[in-house]
Amino acid sequence: MSEEGEAGLSRRSLLRATGDTLLVAGAVGGALGLYGRDGDEESVTANVGYTDRIERGALASAATEVLRRYAFDAATVRLPEAAMSSLRRRPGVEYVEPELTMHALGPGGCRSAHRGAGETDCLPWGIDRTDADLAHEQGYTGSGADVAVVDTGIDASHPDLPNLGEGKGIVDSGGDEPWDDDMGHGTHCAGIVGADGSIEGVVPDATLHAVKVLDSRGAGSTSDIAAGIEWVADQEYDVCSLSLGSGRRSRVVAEACQYAHERGVLVVAAAGNSGPCSDCVGYPAAEEEVIAVSATSDDDTLARFSSTGPEVEVAAPGESVYSTTPDGHAKKSGTSMACPHVSGLGGLLAAEGQDAETARETVGESAENIGLDDTESGAGLLDVAAAVGLDSEDDGTGTC
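Residues in the sequence shown are numbered consecutively from 1214, following the working numbering.
In C-alpha cells:
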C-alpha cells in the first residue's frame, strides 16, 4: 500500500487523474466512446455517480434512457452529449464519466504450447514455484471456497475445469452458457486458479464462477465490468479475480470494487503490462480495496512487461504460464496470469476460515523475499505453503 506524500496525496489518488484506456491486463487495447443518435440529437452513454440528495426521478429526467442502476449510488445512462456538463453541476451528482469501450488483443508475450485436454499430467511452474503443490499434498485444496473470475468467461466443457458453479453473462457468449468463453483469456486465468485434471491450479477443489464481462474480441465496457463485480459481491463469493486494468481510473469500476470489499469479498487485480516502467500500476489494481499483483519470471526476476509502483502488494508467476484454454492448454504471459495465482490463495485462505481482511494480511506476511524492490514485488513472491503454515521450498520450475 502507498504512503501519504508531503502534500497529503497518495499516488493512488494522483493516478486517478491520469491514464489511458481500459484493457485486459496482458493485452494492448483501445478505448472509444459509445456514441449514437437519439432522434436528431447526438447522445452518449455515461456512468453517473450521485448521492442520496438527488432523486432518481431527477436523474431519469436528465437522461434519455437509464440503462442500468447499481446497488451503490451510480447508474449508466444515455443522454445528449451537450447535457453532460449541466448534469455534472446538478446538486447530488458526484461524477459523470463517459462510457469506455475496452479492446483486448490478448496476453502480452504469448507463447502457445497447445496440448489436447486430458493428456499426460504436468506440473505448471507457477504452481511449483509458489509451493501450491506442497499445500495440496497436505490437504489444502480450497474445498468450499468460491472464486469468481471476471473476464471473458470460462470454457464450460473443459475437462480440467470440473468445478464450475453458477456464472453470469453480463456480456452474453451466445453459447450453451451465457458465460462461456469465446476468446480464451478467462479460461486460462480460471485454470491457474482452480484446474483439476491433467494439470492443477492453486485451489483444485474450489468452486469457480465465470463472470463474462468481455466479448469474443476481448472488448467490454466500464459499466459491464462494474456490473460483473457488483454481481460477485451480491453472491457473497470469497474472491473476485480481475485480470484487467487501465491507466485511467473509472469511478464506476472503483465504486464497484469498494462495494465488493465492503461485503467481504477479497478483490485481486493484475498490476498491468506497461513495463518496463516505474510508478505505472493501473486501475482497478491501484484502488485501496484491491490487491495489486505484479509478475515474475521463472528465475525470480521481474517479468519485463510487469507494471510496478508502490501499490504492488505481492508478486506471482506471470511469464510463460501453462494453463487451460478452450482448445486444450497453452503458455501465456502477463500480469493477467500472475493475478489468478493470488486469487487462488485467497480462496484457499477463505476455505480455512479467514475473512478477506485477514487473508489479505496473510498473503503479504507469508510472501517470500526474492530480492526485488518493494515497488516491483511488494511483500515478495506469493508462497502458498507458507500461508497455511507449511515449510516451503525456495525454487521449483515445474514440468510445464
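Backbone N, C-alpha and C define an ideal beta-carbon position, used for all residues, glycine too.
Could you check the C-alpha separation between residue i and residue j for me, to the nearest Å?
i, j, result
"Asp-1341", "Gly-1609", "5 Å"
"Ala-1273", "Ser-1434", "21 Å"
"Thr-1515", "Thr-1612", "Note that residue 1515 is Leu in the sequence shown, not Thr. Approximately 21 Å between the Cα atoms of the pair."
"Thr-1354", "Asp-1418", "5 Å"
"Val-1480", "Lys-1381", "17 Å"
"Ala-1508", "Glu-1606", "19 Å"
"Gly-1485", "Asp-1395", "23 Å"
"Val-1525", "Glu-1278", "39 Å"
"Gly-1522", "Asp-1393", "34 Å"
"Lys-1545", "Thr-1538", "10 Å"
"Asp-1437", "Asp-1587", "33 Å"
"Gly-1547", "Arg-1281", "32 Å"
"Ala-1259", "Gly-1387", "26 Å"
"Met-1214", "Glu-1255", "Residue placement at Met-1214 cannot be trusted, given a pLDDT of 28 that sits under 50; what the coordinates show is reported in the next sentence. When rounded, the distance between both Cα atoms is 42 Å."
"Gly-1246", "Val-1406", "Caution applies to Gly-1246, whose pLDDT of 31 falls short of 50 and renders its modelled position unreliable; the model cannot decide the point."
"Tyr-1535", "Ala-1287", "39 Å"
"Arg-1462", "Glu-1379", "30 Å"
"Cys-1552", "Ala-1439", "18 Å"
"Ala-1432", "Ser-1459", "13 Å"
"Ile-1504", "Gln-1567", "16 Å"
"Glu-1413", "Gly-1577", "23 Å"
"Asp-1302", "Ala-1296", "One point to set straight first is that residue 1302 is Arg, not Asp, in the sequence displayed. Cα to Cα, Arg-1302 sits roughly 10 Å from Ala-1296."
"Val-1189", "Ser-1556", "Outside the shown range of the chain, which is 1214 to 1613, sits residue 1189, and nothing can be said about it."
Going by CA-CA distance only, name the one from the options that's closest to residue i.
i, options, result
"Gly-1602", "His-1349, Asp-1511, Ala-1284 and Ser-1590", "His-1349"
"Asp-1385", "Gly-1522, Thr-1537, Val-1426 and Leu-1280", "Val-1426"
"Ala-1361", "Tyr-1283, Cys-1453, Leu-1280 and Gln-1448", "Cys-1453"
"Cys-1276", "Thr-1289, Ser-1536 and Ser-1429", "Here the sequence assigns Ala to residue 1276, which means Cys is not the residue at that position. Considering only alpha carbons, the answer is Thr-1289."
"Gly-1531", "Asp-1540, Phe-1518, Gly-1366 and Gly-1541", "Phe-1518"
"Leu-1513", "Ile-1504, Phe-1285, Leu-1347 and Ile-1583", "Inspection of the sequence shows that residue 1513 is occupied by Asp rather than by Leu. The shortest C-alpha separation from Asp-1513 is found at Ile-1583."
"Gly-1366", "Gly-1397, Tyr-1496 and Thr-1343", "Gly-1397"
"His-1371", "His-1542, Glu-1570 and Gln-1567", "His-1542"
"Asp-1265", "Met-1297, Pro-1304, Ala-1296 and Ser-1298", "Pro-1304"
"Val-1306", "Ala-1296, Ala-1271 and Tyr-1263", "Tyr-1263"
"Ser-1487", "Ser-1549, Asp-1447, Val-1478 and Pro-1311", "Ser-1549"
"Gly-1352", "Asp-1447, Ile-1383 and Leu-1561", "Leu-1561"
Cβ atoms of residue j and residue i: under 7 Å apart, would you say?
i, j, result
"Ser-1456", "Cys-1490", "no"
"Val-1597", "Ala-1345", "yes"
"Cys-1493", "Ser-1520", "yes"
"Ala-1498", "Leu-1594", "no"
"Ala-1408", "Glu-1390", "no"
"Glu-1212", "Val-1257", "Nothing can be reported for residue 1212: it is not among the residues displayed for the chain, which extend from 1214 to 1613."
"Ala-1564", "Ser-1356", "yes"
"Ile-1442", "Ala-1469", "yes"
"Arg-1464", "Tyr-1308", "yes"
"His-1554", "Gly-1404", "no"
"Asp-1181", "Ser-1411", "The structure shown has nothing for residue 1181, since the chain only spans 1214 to 1613."
"Ala-1580", "Ala-1592", "yes"
"Glu-1449", "His-1474", "no"
"Asp-1451", "Gly-1399", "no"
"Thr-1575", "Ala-1599", "no"
"Leu-1558", "Val-1415", "yes"
"Asn-1376", "Leu-1336", "no"
"Phe-1285", "Tyr-1496", "no"
Which whole-angstrom value is the C-beta distance of residue i and residue j, which I expect to be below 8 Å?
i, j, result
"Ala-1483", "Val-1506", "6 Å"
"Leu-1292", "Leu-1300", "7 Å"
Could you tell me whether any non-hydrogen atom of the ligand MG is closer than 6 Å to the CB of residue i?
i, result
"Glu-1606", "Although the ligand MG was asked about, the structure shown includes no ligands whatsoever."
Mind listing, in chain order, the continuous alpha helix (DSSP H) runs of no fewer than 4 residues lying wholly within the segment 1458-1516?
1464-1475
Please give the ranges of any alpha helix (DSSP H) in the segment 1272-1296, keeping only runs that are unbroken, at least 4 residues long and fully inside the region.
The segment 1272-1296 contains no whole alpha helix (DSSP H) run of 4 or more residues.
Jot down the residue ranges of each uninterrupted alpha helix (DSSP H) in the segment 1428-1454, minimum 4 residues, whole runs only, in chain order.
1435-1448
What alpha helix (DSSP H) runs, 4 residues minimum, are completely inside the segment 1546-1595?
1548-1564, 1569-1578 and 1587-1590
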